[in-house]
Amino acid sequence: MGMTEKKNIKELYSTRGISEAVYQYGEKILGGLEERFRKVDEVAEFNQMKVLGAMQDCRVSEACLFPSTGYGYNDLGREKLEEVYAAAFHTEDALVRPLIACGTHALAVALAGNLRPGDELLCPAGKPYDTLEEVIGIRPSNGSLAEYGITYRQVDLLPDESFDYEAIRGAVNERTKLAAIQRSKGYQTRPSFGVDEIGELIRFLKEIKPDLICMVDNCYGEFTETKEPTEVGADLLVGSLIKNPGGGLAPIGGYIAGKKQYVENAAFRLTTPGLGKEVGATLGVTQSFFQGFFLSPTVTAAALKGAMFASAVYESLGFQCVPGVDEERHDIIQSVVFGKKEGVIAFCQGIQAAAPVDAHVVPEPWAMPGYDSDVIMAAGAFVQGSSIELSADGPIKEPYAVYFQGGLTWPHAKFGILMSLQKLVEAGLVDEKDLLI
Ligand SMILES: *Cc1c(COP(=O)(O)O)cnc(C)c1O
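Using our numbering, the first residue of the sequence shown is number 1404, and each one after it goes up by one.
Structure (structure tokens):
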């Protein structure tokens, strides 16, 4: 950028409420991230070619973008989109549907479709995502897998957060039918798993029991690396379209990709036995599913850069960040520990103030159903609850951490982080003098 553009952009930021000190601090931090950003761009380039290649090989045509209604028989676009997902994720088949309400629904359908009474589900790498507790019946719930006679076993990670191979060997038995592995840490403190790490675990599981179905919860992980877990042995891959693979454009939906038989089992549960993948009108969302998938590699890269920038800014100011700025990333989630409630609130209010929608709204902590403390959420999203869009949330309890993710474009993610820092300065939680050195 030339001097004049620099001055102009500083003025633009200033009109939006960013002080000179905050802006300059951001620029200084960014200077140290060039190499990391270059690597993110390389992954995006690889994945862009992967997705584009899948679309060309599957011969996506204009007619694939048209909607279907009613039963949705012979929906060309839906069938082609599922072929594209299968090609990009290296699987035999895929189910990619607006009928899948969210990530939890996709996971529940994959589980219920492939487990039968008397089978056992194994989580070999610790507790699954919170919302799955009721699906599985870890917390008793109406209609859970437990009520259908499907039992559950869990092997926790070792204290150093590695897989407890010995305990896993002991846990697999004649009833173990499916192993579920979650790539992203979700709201836990463990690191997220890399694709190669997941591959090692799957290899180990298959050695003990070759016909064990290995399923990976891929939420937030798509396109953060050049490989997906189905390229290292996963039989089923599950995720949400209002996270990475929807590219910010999908207004709803989820996917289940994997071995043909297992995807069919899931389809028989999503619709009905017999009908399976043959029904399910797409009502005009197919074009945004294709286009969002096409954009997903670069949108995911924008979110990764935002997460790295956040960790670099806040780590340099002395706050604990997970992952740290120098750690490998396997998902788009960044957590920052503020240690006090006011920090969580100021951060989230900054993210909200940077949003394209509802920026004038000031979020406050409130008692949300399903949480054991008040929670504050910042989301000025085009798609409700979309967390590939710039968003943050924080439970108001120890250790007072925020979870930050998304950003459809890197400049927007950058502005969001600057705004969060601005709010921390205004709340007296970061001293502006510390930004000047
Ligand atoms: C978001 C998420 C889910 C659940 O998705 P919802 O769309 O919120 O139902 C499951 N697992 C992980 C790891 C997630 O990040």
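No residue lacks a Cβ here, since even glycine has one placed at the ideal position from N, Cα and C.
For the region 1774-1812, which segments carrying the alpha helix (DSSP H) assignment without a break, of at least 4 residues, lie completely within its bounds, in sequence order? none
Could you check whether residue 1791 and residue 1809 sit closer than 8 angstroms to each other, using their CB atoms as the reference points? Translated into the one-based positions of the sequence shown, residue 1809 becomes position 406. Translated into the one-based positions of the sequence shown, residue 1791 becomes position 388. Their beta carbons are under 8 angstroms apart, which means residue 1809 touches residue 1791 by this criterion.
Apart from the five residues just before and just after residue 1515, which ones in its own chain have a Cβ nearer than 7 angstroms to its Cβ? Walking along the sequence shown from the start, residue 1515 turns up at place 112. Cβ within range, chain order: 1548 and 1672.
In the DSSP assignment, find the unbroken beta strand (DSSP E) run with residue 1523 in it and report its ends. Counted from its first residue, the sequence shown places residue 1523 at position 120. Element bounds for residue 1523: 1523-1526.
Kindly indicate which residue of 1413, 1439 and 1627 has the alpha-carbon position closest to the one of residue 1428. Taking the first residue of the sequence shown as 1, we reach residue 1428 at position 25. Taking only the C-alpha atoms, the option nearest residue 1428 is 1413.
Using 7 angstroms as the cut-off, classify the Cβ of residue 1622 as near or not near the heavy atoms of ligand 1, replying yes or no. For this step, residue 1622 is matched to residue 219 along the sequence shown. Yes; taking the cut-off as 7 angstroms, the Cβ of residue 1622 has a heavy atom of ligand 1 nearer than that.
Opening and closing residue of the beta strand (DSSP E) in which residue 1618 lies: Numbered from 1 along the sequence shown, position 215 holds the residue referred to as residue 1618. Start and end: 1616-1620.
Is residue 1471 helix, strand or coil by DSSP? Here residue 1471 refers to the residue found at position 68 when the sequence shown is read from its first residue. Residue 1471 falls in the coil class under three-state DSSP.
Cβ of residue 1797 within 7 angstroms of any heavy atom in ligand 1? As a working note, residue 1797 is residue 394 in the sequence shown. Because no heavy atom of ligand 1 lies under 7 angstroms away, the Cβ of residue 1797 does not count as near it: no.
Hey, out of 1490, 1469, 1492 and 1530, whose CA is closest to residue 1481's CA? The residue labelled residue 1481 in the question sits at position 78 within the sequence shown. For the residues 1490, 1469, 1492 and 1530, the minimum Cα distance to residue 1481 belongs to 1469.
Taking the alpha helix (DSSP H) that residue 1601 belongs to, which residues open and close that run? Numbered from 1 along the sequence shown, position 198 holds the residue referred to as residue 1601. Per DSSP, residue 1601 belongs to the alpha helix (DSSP H) from 1598-1611.
Neighbour-count burial assignment, residue 1576, 16 or more Cβ in a 10 Å radius: To locate residue 1576, count along the sequence shown from 1; it is residue 173. Residue 1576 should be labelled exposed.
Which residues does DSSP pair with residue 1500 in a beta bridge? On the sequence shown, residue 1500 is found 97 positions in, with the first residue counted as 1. Partner(s): 1657.
Contact set for residue 1493: own chain, Cβ-Cβ below 6 angstroms, skip 5 residues either direction: Residue numbering aside, residue 1493 sits at position 90 when the sequence shown is read from its first letter. The residues are 1633 and 1634.
Taking the runs of the beta strand (DSSP E) that are 3 residues or longer, which of them lie wholly in the region 1654-1703? 1657-1661
Let me check understanding here. Comparing Cα to Cα, which of 1584, 1647 and 1822 lies closest to residue 1758? Working through the sequence shown from its first residue, we reach residue 1758 at position 355. Ranking 1584, 1647 and 1822 by Cα distance to residue 1758 puts 1822 first.
Considering only residues of the same chain and omitting the five flanking positions on each side of residue 1716, which have a CB-CB separation below 8 angstroms? Translated into positions along the sequence shown, residue 1716 becomes position 313. Excluding residues within five positions, the ones whose Cβ falls inside 8 angstroms are 1428, 1429, 1432, 1820 and 1824.
Restricting to Cα atoms, I'd like to know which of 1837, 1583 and 1607 is closest to residue 1721. Translated into the one-based positions of the sequence shown, residue 1721 becomes position 318. Measuring from the Cα of residue 1721, the nearest candidate turns out to be 1837.
Excluding the five sequence neighbours on either side, which residues of its own chain have a C-beta within less than 8 angstroms of the C-beta of residue 1833, listed in chain order? Against the sequence shown, residue 1833 aligns to sequence position 430. Closer than 8 angstroms at the Cβ level, and outside the excluded window around residue 1833, lie 1720, 1824 and 1827.
Beta carbon of residue 1736 nearer than 8 angstroms to that of residue 1803: Your numbering for residue 1736 matches position 333 in the sequence shown. Your numbering for residue 1803 matches position 400 in the sequence shown. Cβ distance not < 8 angstroms, so residue 1736 and residue 1803 don't count as in contact.
Buried or exposed: which applies to residue 1729, given that a residue is buried once 16 or more other Cβ atoms fall within 10 Å of its Cβ? Position 326 of the sequence shown, counted from the first residue, corresponds to residue 1729. By the neighbour-count rule (16 or more Cβ atoms within 10 Å), residue 1729 is not buried but exposed.
Apart from the five residues just before and just after residue 1712, which ones in its own chain have a Cβ nearer than 8 angstroms to its Cβ? Numbered from its first residue, the sequence shown carries residue 1712 at position 309. Here the set comprises 1429, 1432, 1433, 1436, 1816, 1817 and 1820.
Name the residue from 1651, 1543 and 1772 whose alpha carbon lies nearest to the alpha carbon of residue 1786. The residue you call residue 1786 lines up with position 383 of the sequence shown. The shortest Cα separation from residue 1786 among 1651, 1543 and 1772 belongs to 1651.
Using DSSP bridges, identify the partner residues of residue 1557. Numbered from its first residue, the sequence shown carries residue 1557 at position 154. Per DSSP, 1526.
If distances are taken between C-alpha atoms only, which option among 1461, 1455 and 1498 comes closest to residue 1666? For this step, residue 1666 is matched to residue 263 along the sequence shown. Comparing Cα-Cα distances from residue 1666 to each of 1461, 1455 and 1498, the minimum goes to 1498.
When we look at the beta-carbon of residue 1500 and count the other beta-carbons within 10 Å, is it buried (16 or more) or exposed? Against the sequence shown, residue 1500 aligns to sequence position 97. Classification of residue 1500: buried, given that the 10 Å Cβ count is 16 or more.
Let me know if residue 1552 comes out buried or exposed under the rule of 16 or more other beta-carbons within 10 Å of its beta-carbon. Position 149 of the sequence shown, counting from 1, holds the residue named residue 1552. It counts as exposed.
Terminal residues of the beta strand (DSSP E) in which residue 1591 lies: Translated into positions along the sequence shown, residue 1591 becomes position 188. It is not in any beta strand (DSSP E) - residue 1591 carries neither H nor E in the DSSP assignment.
Determine, using beta carbons only, whether residue 1644 and residue 1658 come nearer to each other than 8 angstroms. Within the sequence shown, numbered from 1, the residue matching residue 1644 stands at position 241. Within the sequence shown, numbered from 1, the residue matching residue 1658 stands at position 255. Yes, the pair counts as a contact, with Cβ atoms nearer than the cut-off.
Going by Cα to Cα distance, which pick from 1512, 1467, 1460 and 1410 is closest to residue 1372? With the chain running from 1404 to 1840 in the structure shown, residue 1372 is simply not present.
Does the Cβ of residue 1597 have 16 or more other Cβ atoms within 10 Å, making it buried, or fewer, making it exposed? The sequence position of residue 1597 within the sequence shown is 194, counting from 1. With 16 or more Cβ atoms within 10 Å of its Cβ, residue 1597 is classed as buried.
Could you tell me the boundaries of the beta strand (DSSP E) in which residue 1639 lies? Working through the sequence shown from its first residue, we reach residue 1639 at position 236. Per DSSP, residue 1639 belongs to the beta strand (DSSP E) from 1639-1643.
Bounding residues of the beta strand (DSSP E) (the contiguous stretch that carries residue 1581): As a working note, residue 1581 is residue 178 in the sequence shown. It spans 1579-1585 - the beta strand (DSSP E) in which residue 1581 sits, taken as one unbroken run.
Considering only the alpha carbon of each residue, which of 1619, 1780, 1479 and 1443 lies closest to residue 1753? Translated into positions along the sequence shown, residue 1753 becomes position 350. It is 1780 whose Cα lies nearest to the Cα of residue 1753.
Out of curiosity, what's the CA-to-CA distance linking residue 1444 and residue 1704? The residue given as residue 1444 occupies position 41 in the sequence shown. The residue given as residue 1704 occupies position 301 in the sequence shown. Spanning the two alpha carbons is a distance of roughly 7 angstroms.
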